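Step one of this worksheet: look at the structure below.
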Amino acid sequence: MKYCDKCKIKIDTKKTYCPLCQQTLSGEISDDLIEKYPEYISINRKVYPVTKRIIMFVTIVSMIILLVINFATYNGRLWSLIPIGSIFYFWILVSVGIFSKANIAFRLATLTSLLIALLVLIDEASLSEGWSYNYLMPILLTVCNLAISVIILIKRIDYRDYILYLLTIVIFSIIPIVLVFFKVITIIWPSLVAFGLAISILLFIIFFFPKSIKDEIKKRFHA
Amino acid sequence: MNKESKHDTWFRLDNSGKIFPEVSSHRETNVFRVAISLTEKIDKDLLQLSVNTILSRYPMFKVKLKKGLFWSYFDYNSKPFIVEELKHYVCGEINPKKNNGYLFRVMYRNADIIIEMFHSLADGAGVIMLLKALTYEYLLLTGKDVKPDNLISTKNQRPSIEEYEDANSKFYNRKNKKHVPEKRAYRIKGSPLSEDLTGLISGTMSTKEMIDLSRNNDMTITEYFAALMMHIIYVTQIQYRGHISSNQKPVKIFVPVNLRKHFPSNTLRNFSNFVKTDLVMNQDDISFEYLKSLVKEQFKKGMTKSELIRKMSENVAFEKNVFLRFTPYFLKKYALKIGYNMLGVKLNTMSLTNIGKVDFPESMEPYVKDVTAAVYSGRYNTLNCSIISYKDRLKITFTRSIVETTIEREFFRHFTNLAIDVEVESNYVEEY
Ligand SMILES: [Zn+2]
């Protein structure tokens, strides 16, 4: 035990000074003493790496330049949205798709939905031919539906975490059919395939996992 | 419990727990610690095994925090929980991403087992129950002949719903929920420590001597400490500087009250409330004697049943508000943040938590040397204090986010000047 004459306290430490008043402690301590608390090792807080900041800066500046040129030479088409949207999507793809540790079904659902939004944007900003609605939207939804279903079948244990995202994509898959009614979509068969698959998956969940879907909804929506 | 139902487990956050996820950051971590010193070096693998046992006994801790449409909730966590070696951080942020989603940590160093808990999940009394159960399982695994003596819930008992009920809403009274507006409190000044540092100094004294000392003053230990703390803050920070504008703010010591002692409940979740000392100290001649009688009076007022129910109902009413309830979560968190800024840490100068006496079964006592409790300190409460006692060891632990140790020094010198022995421990933050 060491001792501080000023504070009149006892302390078990190999350190020289009193933690209360910074005076030199008197007394001896055995050599095999292990300090009660570990030593402080400074850990510098992570700052954004310089390269990341440079890339961010360059992309934002180029987006502004693109917008300026587009408006300066405006001919009725917002073509600058195509590269800007693609750059945004690229960033999300990198951060959500590669670096995020989030739920894989969530990542798939997010990336697919945003990809569809991007493709629609490109379609509209270019020649408005409708290829994005007619083909890519229903096909991507179908692929995403199948992918999440396969993941759920493989990762049986965690399926509760994924089922809500599957349900979201299933509901999104109804959108193309609605667009058919509004005559936005003219090529019907891809939308029908997407719809058919979505309904089958929905029925499968309702027939085979009625409790888990009910529980999941109860959890997520309790007020 | 079969495997199927285990995975379906989920819990609502309790009333006080709902606020913490929104207002916590690496500076205001809302994490607190309890630690136990045993007689032998901790075996990491056995500790891991006992934690696994405990987690299946207490499903309410085997959870991760997830967001719903209206509220966040605790969902069953299928990932493994890993015990770690103690690092220098004291009550540092619990980042679920780095912790397999878990909202608490179990650490070890030498002969110590340390639990750090995010306040959403439980309060001090709840974690003490967890610590006792963990120590029991650990001692059992190391081959000690220990018995639970009804003081500890072992793996042989089934988890009960009572353990994770939200007792706050149970005693909620719609007719007694008036909101009493409060002024911002005085903030203890000092030079800030680096962000990943929390200074810790604890002093151990004789429980008996402390009880005698406070009895001679006709007070409880908590009241005596709160009055002494007011006095020391006054002497070291405010006296003869009453004209300075920041010294016009009231000094308020926030003292949590364990409601399990006032209302019947055995929940492990948050079930505590508070009393506060409250005084503007801009006069030059406030005596310790005056502060003692003031604290006694303010505590008496704050601890009446109807006042405790009012404070509880005030919080529950906020949550039960129809508009807030059906606001989507991503908007609601801003409402909660604003509400917390009106009710939260800025209204307190420091917090003084008395966990109280920890009892172990007689068969465990030879293996338990000491217990420690500590709470985080942040930007607003730059100095906090926790008290816990075990047999004749009463331990006061100060945690600080400032360099200065003046208040701790004067606090402990008060006792050594009364010829009471104080044994100090510190995490020695020397290089700033
Ligand atoms: Zn000293």
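Chains as they are written, first to last, in the numbering used here: chain A, 28 to 250; chain B, 885 to 1316. Backbone N, C-alpha and C define an ideal beta-carbon position, used for all residues, glycine too. As the structure is a prediction and not an experimental result, all values here were calculated from the model.
Quick check on DSSP: helix, strand or coil for residue i?
i: F1147/B; result: coil
i: L1163/B; result: strand
i: Y30/A; result: strand
i: N1157/B; result: strand
i: S900/B; result: coil
i: R1284/B; result: strand
i: R1277/B; result: strand
i: S1053/B; result: helix
i: F954/B; result: coil
i: L1302/B; result: coil
i: K948/B; result: strand
i: L930/B; result: helix
i: G200/A; result: The displayed chain sequence assigns Ser, not Gly, to residue 200/A. The answer is coil: DSSP assigns S200/A none of H, G, I, E or B.
i: F236/A; result: coil
i: P943/B; result: helix
i: M1248/B; result: coil
i: F1210/B; result: coil
i: F1172/B; result: helix
i: P217/A; result: helix
i: P1076/B; result: strand
i: M1196/B; result: helix
i: V1354/B; result: The question about residue 1354/B has no answer here: the residues shown for chain B are numbered 885 through 1316.
i: E1066/B; result: coil
i: S909/B; result: coil
i: S227/A; result: helix
With a cut-off of 8 Å, does the C-beta of residue i fall near any C-beta of chain B?
i: C171/A; result: no
i: P237/A; result: no
i: P96/A; result: Before going further, note that residue 96/A is Ile rather than Pro in the sequence given. No, because no Cβ of chain B sits closer than 8 Å to the Cβ of I96/A.
i: R134/A; result: no
i: K182/A; result: no
i: I232/A; result: no
i: P110/A; result: no
i: I56/A; result: no
i: L60/A; result: no
List the residues that DSSP assigns as beta-bridge partners of residue i.
i: G1240/B; result: I1272/B
i: D1254/B; result: S921/B
i: N1142/B; result: S1156/B
i: I36/A; result: C31/A
i: V1259/B; result: F916/B
i: F895/B; result: F958/B
i: L194/A; result: None, per the DSSP bridge assignment.
i: S1235/B; result: F1138/B
i: L173/A; result: The partner list for L173/A (beta bridge, DSSP) is empty, contrary to what the question assumes.
i: V1308/B; result: I38/A, G1087/B
i: L1267/B; result: R1284/B
Would you say residue i lies against chain A (beta-carbon separation less than 8 Å)?
i: Y1108/B; result: no
i: L1081/B; result: yes
i: S900/B; result: no
i: K1054/B; result: no
i: G952/B; result: yes
i: L970/B; result: yes
i: S1197/B; result: no
i: E1093/B; result: no
i: Y1218/B; result: no
i: E1246/B; result: no
i: D1084/B; result: According to the sequence provided, residue 1084/B is Leu. The question's Asp does not apply to it. At least one chain A Cβ lies under 8 Å of L1084/B.
i: N994/B; result: yes
i: E1307/B; result: yes
i: R1293/B; result: yes
i: F1210/B; result: yes
i: N961/B; result: no
i: S1310/B; result: yes
i: Y957/B; result: yes
i: T1300/B; result: yes
Starting from residue i, find everything on chain D with Cβ-Cβ shorter than 9 Å and list it in chain order.
i: Y116/A; result: No chain D appears in this structure, whose protein chains are A and B.
**Item:** Complete alpha helix (DSSP H) runs within the region 958-1037 of chain B (minimum length 4 residues, chain order)
**Value:** Here the runs fully enclosed are 1008-1025.
**Item:** beta strand (DSSP E) runs wholly inside the region 40-76 of chain A, at least 3 long, in chain order
**Value:** If you keep only unbroken beta strand (DSSP E) runs of at least 3 residues inside the region 40-76 of chain A, you get nothing at all.
**Asked** Going along the chain, which unbroken runs of the alpha helix (DSSP H) with 4 or more residues stay wholly within the region 94-169 of chain A?
**Response** Runs of the alpha helix (DSSP H) lying entirely within the region 94-169 of chain A and spanning at least 4 residues, in chain order: 108-119, 131-152.
**Prompt:** Which ranges does the beta strand (DSSP E) cover as unbroken runs of at least 3 residues, wholly within the region 1078-1151 of chain B, from first to last along the chain?
**Reply:** DSSP runs (the beta strand (DSSP E)) wholly in the region 1078-1151 of chain B: 1083-1090, 1137-1142.
**Item:** Any heavy atom of ligand 1 within less than 7 Å of residue CB: hits in chain order
**Value:** Taking every residue with its beta carbon within less than 7 Å of a heavy atom belonging to ligand 1 gives, in chain order, C31/A, K33/A, C34/A, I36/A, C45/A, L47/A, C48/A, Q50/A, R1293/B.
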